[in-house]
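Please read the structure below before turning to the comments.
There are 2 protein chains.
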Amino acid sequence: MIQRTTNFSAGPAVLPVPVLERVQRELLALPGPRASILEISHRSATFKEIMAAAETNLRQLLSIPDNYTVLFLQGGSRLQFSMVPMNLLDGPRAQADYIVTGSWGRHAATEARKFGDVRMAWDGSKANYVCTPADSQIDSSPSSGYTYFVSNETIEGVQFATEPATQNSTLVCDASSDLLHKPLDISQYGLIYACAQKNIGPAGVTIVIMRNDLLARSGDALPGYLSYKSHADGGSLFNTAPTFAIYVVRLVTDWLLNDIGGLEEMHALNKKKANMLYQVIDQSGGFYQGHAQADCRSLMNVVFRLTSDPLSAAFVKEAAEQNLAALVGHRSVGGIRASIYNAMPLEGVEALRDFMIQFRKKNT
Amino acid sequence: MIQRTTNFSAGPAVLPVPVLERVQRELLALPGPRASILEISHRSATFKEIMAAAETNLRQLLSIPDNYTVLFLQGGSRLQFSMVPMNLLDGPRAQADYIVTGSWGRHAATEARKFGDVRMAWDGSKANYVCTPADSQIDSSPSSGYTYFVSNETIEGVQFATEPATQNSTLVCDASSDLLHKPLDISQYGLIYACAQKNIGPAGVTIVIMRNDLLARSGDALPGYLSYKSHADGGSLFNTAPTFAIYVVRLVTDWLLNDIGGLEEMHALNKKKANMLYQVIDQSGGFYQGHAQADCRSLMNVVFRLTSDPLSAAFVKEAAEQNLAALVGHRSVGGIRASIYNAMPLEGVEALRDFMIQFRKKNT
Chain A
1487 MIQRTTNFSA GPAVLPVPVL ERVQRELLAL PGPRASILEI SHRSATFKEI
1537 MAAAETNLRQ LLSIPDNYTV LFLQGGSRLQ FSMVPMNLLD GPRAQADYIV
1587 TGSWGRHAAT EARKFGDVRM AWDGSKANYV CTPADSQIDS SPSSGYTYFV
1637 SNETIEGVQF ATEPATQNST LVCDASSDLL HKPLDISQYG LIYACAQKNI
1687 GPAGVTIVIM RNDLLARSGD ALPGYLSYKS HADGGSLFNT APTFAIYVVR
1737 LVTDWLLNDI GGLEEMHALN KKKANMLYQV IDQSGGFYQG HAQADCRSLM
1787 NVVFRLTSDP LSAAFVKEAA EQNLAALVGH RSVGGIRASI YNAMPLEGVE
1837 ALRDFMIQFR KKNT
Chain B
1487 MIQRTTNFSA GPAVLPVPVL ERVQRELLAL PGPRASILEI SHRSATFKEI
1537 MAAAETNLRQ LLSIPDNYTV LFLQGGSRLQ FSMVPMNLLD GPRAQADYIV
1587 TGSWGRHAAT EARKFGDVRM AWDGSKANYV CTPADSQIDS SPSSGYTYFV
1637 SNETIEGVQF ATEPATQNST LVCDASSDLL HKPLDISQYG LIYACAQKNI
1687 GPAGVTIVIM RNDLLARSGD ALPGYLSYKS HADGGSLFNT APTFAIYVVR
1737 LVTDWLLNDI GGLEEMHALN KKKANMLYQV IDQSGGFYQG HAQADCRSLM
1787 NVVFRLTSDP LSAAFVKEAA EQNLAALVGH RSVGGIRASI YNAMPLEGVE
1837 ALRDFMIQFR KKNT
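Right, here's the structure in full:
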């Protein structure tokens, strides 16, 4: 039995051990079909039950209203960067508002420009992506097709505490790195999506939750796979669904409901974990410097620097020697990134906190 | 330990047991990173080695020439139905030729009409999709952007014995249900692709093999995820790759090389398996009626009918009681479909053969 590392990867990221153990146990044969989840038809009764259970769990965890559709798609956030404007910008709505608070929002806006006019409702690049805007700073237009934002910027560690207030009833959110980290009021969103590999499951499936009236905007000329309406009409079986990834999403959402107790409990634990690290940063006398402003700090990705690059490198190396892995910051920001998604246990964060305190003592 | 069924599913389909056992063994922690394959970054050294090994295996098995790129994408064949015309039809090439020998070719042609002029180079629907065309019947045009065909029609069980001869140097092939079932001369193809879940791995990854010069046709206005060039430039890491599915493809191709001995050996075994079933059909005095003409029969999907629908239903039910599962034909064709991809062992086919003989005796 190999000892597992404490894995701070930004994604694909740590999964709950009970989930991995169940996947392992069932891997050669699910009890009903006596075949592996990797081998059964996406149209089999067994798989349809698994996908329905995943959807039911999501609906329960997030209190998703009945007038919203849940889709399980492939292609990750990158494909959503195109699908959102290609579906939601139609004839009378040729313009979209983008609130950009980090790298992923910038990429999404760049892609959207291929399909319509992009208004920058707020551009955080001028402030080096360290904060979210105050509502009064957001220049949104009611005539835009939608207003887009990224709830948690994984690279910069900048997170919205609440939804931005806009003039637009169609709020679109990329929640790839924080969906299911706390309860949400889904009725505030026109569409919210998340690729699974950060907070919900393995790479290879993207969850889209959208208000049913928006499905009417999907035009017939769209590439078939890129039409939300095609997927909604087919019950996420327009093509062969990524069956294994959906199966794991079902197990992760089971774990959230049954082992954690729901999203209120998950949120409390996430706040406790993040505060543990931010406190060390704030009390380090500048030895550790957080990237984001204090009021916009992410509960999922704790991004900080040390006073020099060699010191950051030593931090990563010595942490790895103590079984604390994947702490290198994204190449565009540098420094350290500790991703502490739902599945990162409290003990993992405590171990990192202790290491940070010890490393500072040793180096000051 | 649950006894596994003999699984004739058309896809997702049976996988080699040694592959499943290795996935199971490593599921909680890969030796190097001491984290699950489900939890490691697509940019980690470990995953990059896995993807490189999968590509090396494919290159070795298929003798892929150096001037071809191998991509690992998401979205299945349905996304390729759009990506092929969107990338390969550019300004001077607004027309494509489609050779349609079954349901999947028809779907692909329907999708391509959104992006250019589709010429039907051969239309098998008039013959109820029971055969492939003779080369002399193919009406292809050298001025078309490409000529498209489906090497094996999974639903009808119709397979090309050799590549169709065309006037066009850019032959495009959907080989979703038979890639790796025998050696190919890749240099005959401009682009050949296969979703993994029939003959190569689990659902969620699609392998695209394309001649490098064709990458120049991918225009800048394409949706980012739909550009072959974006994926080639990013080494299949334009976005987060479906890491787990690629890991399984690597293990399946290891199995083909090391346990089977290569594609010549695989082809011999596939012919032996298919002939075993077709012989029972041919010697049944009309009790079993094959769908495809004898010279176009698929080595992967053996499609046949019994003399009545109730008898077909009884066949499926009694087979399942003898542990022979997933034999129902596709709803559009009816009858029986026995999918016997690479990973279906000879013993499984022998068991089905014996059942077919016994069922006929009992019912005549």
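In order, the protein sequences belong to chains A and B.
If you count by our numbering, then the first sequence holds residues 1487 to 1850, one letter each, in order.
If you count by our numbering, then the second sequence holds residues 1487 to 1850, one letter each, in order.
Heads up, the beta-carbon is just placed ideally off N, CA and C, and yes, glycines get one too.
Model, not experiment: these values are computed from the prediction.
With 16 other Cβ atoms within 10 Å as the buried cut-off, status of N1698(B): exposed
Beta strand (DSSP E) runs contained entirely in the region 1704-1786 of chain B, provided each spans 3 or more residues: none
Partner residues on chain A for T1656(B), Cβ-Cβ distance less than 8 Å: Near T1656(B) there are no residues of chain A at all, since even the closest Cβ is about 20 Å away, more than 8 Å.
Inter-residue spacing [alpha-carbon to alpha-carbon] between V1835(A) and V1691(B): 34 Å
Contact the region 1561-1581 of chain A vs the region 1593-1613 of chain A: 3+ CB pairs below 8 Å: yes
Length of the line joining the Cα atoms of L1559(B) and A1515(B): 25 Å
Cβ contact check for the region 1539-1551 of chain B and the region 1665-1674 of chain B: 3 or more pairs under 8 Å: yes
Selection from A1607(A), A1811(A), G1747(A) that minimises the alpha carbon distance to I1526(B): A1811(A)
Cβ-Cβ separation, F1801(B) to I1767(B) (assumed contact under 8 Å), whole Å: Going by Cβ atoms, the distance from I1767(B) to F1801(B) rounds to 13 Å, so no, they are not a contact pair.
Beta-carbon proximity of N1725(A) to G1562(B), cut-off 7 Å: yes
Below-7 Å beta-carbon distance, Y1711(B) vs any chain A residue: yes
The region 1528-1535 of chain B contacting the region 1838-1849 of chain B, beta-carbon criterion three pairs below 8 Å: no
Rounded Cβ spacing between I1693(A) and L1544(A) (contact assumed at less than 8 Å): 7 Å
Paired residues, beta bridge with C1681(B) - DSSP: T1692(B)
Span of the alpha helix (DSSP H), counted from its first residue to its last, around S1589(A): 1589-1598
Whether S1630(B) touches D1583(B) by CB criterion (7 Å): yes
Secondary structure of M1830(B), DSSP reduced to three states: coil
Chain B contact for L1838(A) (CB, 7 Å cutoff): no
Candidates C1617(A), Q1623(A), L1700(A): closest to G1643(A) by CA position: C1617(A)
Proximity of L1524(B) and L1501(A) at Cβ, strictly below 7 Å: yes
8 Å contact criterion, which V1738(B) and G1776(B) should meet: CB distance rounded: Contact flag wrong, Cβ pair sits at about 29 Å.
Own chain partners of K1715(B) with C-beta closer than 6 Å, once the 5 adjacent residues on each side are dropped: L1701, S1704
Rounded straight-line distance, which links the Cα of S1627(B) to that of M1696(A): 44 Å
Residue range of the beta strand (DSSP E) that includes I1641(A): Per DSSP, I1641(A) belongs to no beta strand (DSSP E) and is neither H nor E.
Reduced DSSP secondary structure (H/G/I, E/B, other) of A1620(A): coil
Sheet register partners of S1825(B) (DSSP bridge): N1787(B)
Nearest to R1564(A) (by Cα), restricted to the options R1490(A), A1598(A), E1833(A), A1540(A): A1598(A)
Secondary structure of A1540(B), DSSP reduced to three states: helix
Residues near S1568(B) by beta carbon distance below 6 Å, same chain, minus five either side: E1597
Rounded distance between the beta-carbons of A1824(A) and L1813(A), thought under 8 Å: 6 Å
Assumed close pair R1736(B), A1540(B) - CB separation to whole angstroms, cut-off 8 Å: 4 Å
Interface positions of the region 1571-1588 of chain B facing chain A (Cβ-Cβ less than 8 Å), listed along the chain: M1572
Neighbour-count burial assignment, K1612(A), 16 or more Cβ in a 10 Å radius: exposed
Sequence-distant residues of its chain with Cβ nearer than 8 Å to M1752(B) (five each side left out): L1666, H1667, K1668, L1742, I1746, N1828
Residues of the region 1715-1729 of chain B with Cβ closer than 8 Å to any Cβ of chain A, in chain order: F1724, N1725, T1726, A1727, P1728, T1729
Given D1840(A) as reference, the closest of R1817(A), A1647(A), N1809(A), H1816(A) once Cα atoms are compared: N1809(A)
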